[in-house]
Structure formats: structure tokens, C-alpha cells
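Q:
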């Protein structure tokens, strides 16, 4: 079974030539990507998704990687070929999984957030 992920641009800007104005289009669907079965969670699916430059993860030939999560695993996917190129196993196994992921390009790492009984924990 293949799962679908819809990549949505929160804000995509288009510059109107000659006018210098920017127009925001919030929430428009950008594309649909098939998630390979070997990168899916058994049971409830992960909720965190992130796109990163392929070169930041050691794959300079792949312009963009899609990062999805499942408990303590992060899956790096090539959205063009719809294949898993790498799995990263985190040393932390959050009970509720990863709720959000972010690239910290200045540090060259990822931030991962999880909701706990007392708030939110952030890991890098």
C-alpha cells in the first residue's frame, strides 16, 4: 500500500514583473508525492514532514529531499523517484512521535519537536 503526502506551500511568492509587487498564495497544493511502503509507519502515520536540499544530507545529485518521520526514524525520500534514500534512527524514541521537523541550515542539523505531558521537547 502506498501512502500519499501532499506538499503544501505555506506561502509561495510570485513577483509581478515591472511592478515589484509580491503576491502570497497561502495553502495551495504544490504537488503529490507517493511515500514508499518501506518508509511508512505501521498503524498511525507520522505527521512531521520537511524538505531539505539533497546536498545537506550527502546527496548532491538530488536537488530536494523529503524528510518524513515514524517514531524514532527519519526517512529521507527522493520525491522525483519516490524512493527512500536513507533512514536515520534517532537516539530518542518519543512516545507521540515527532510532531515537527525543521532544518537549521546555519548549524547543518535538524530540529525535531515532540509533545509531552508537560509541554514540548525540542531535540537536535
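Residue numbers (the working numbering): 104 to 227.
Ideal Cβ placement from N, Cα and C applies to all residues, glycine included.
(1) So the beta strand (DSSP E) residue 175 belongs to, where does it begin and stop?
(2) Looking at C-alpha atoms only, which residue of 186, 207, 187 and 174 is the closest neighbour of residue 151?
(3) Any chance you could list the beta strand (DSSP E) runs of at least 3 consecutive residues sitting entirely within the region 128-170, in chain order?
(4) Between the alpha carbons of residue 153 and residue 214, how many angstroms are there, rounded?
(5) Applying the criterion that 16 or more other CB atoms from any shown protein chain within 10 Å of the CB defines a buried residue, is residue 228 buried or exposed?
(6) Pull up the distance between the alpha-carbon of residue 225 and that of residue 217, whole angstroms please.
(7) Which residue's Cα is closest to the Cα of residue 223: 170, 201 and 206?
(8) For residue 212, name the three-state secondary structure that DSSP assigns.
(9) Would you kindly check if the distance between the Cβ of residue 176 and the Cβ of residue 164 is under 9 Å?
(10) For the beta strand (DSSP E) containing residue 192, name the first residue and the last one.
A: Here's the rundown:
(1) Premise fails: residue 175 is in no beta strand (DSSP E) and is neither H nor E.
(2) 174
(3) 131-138 and 152-156
(4) 11 Å
(5) The requested residue 228 is not part of the displayed model; the chain covers only 104 to 227.
(6) 7 Å
(7) 201
(8) strand
(9) no
(10) 186-192
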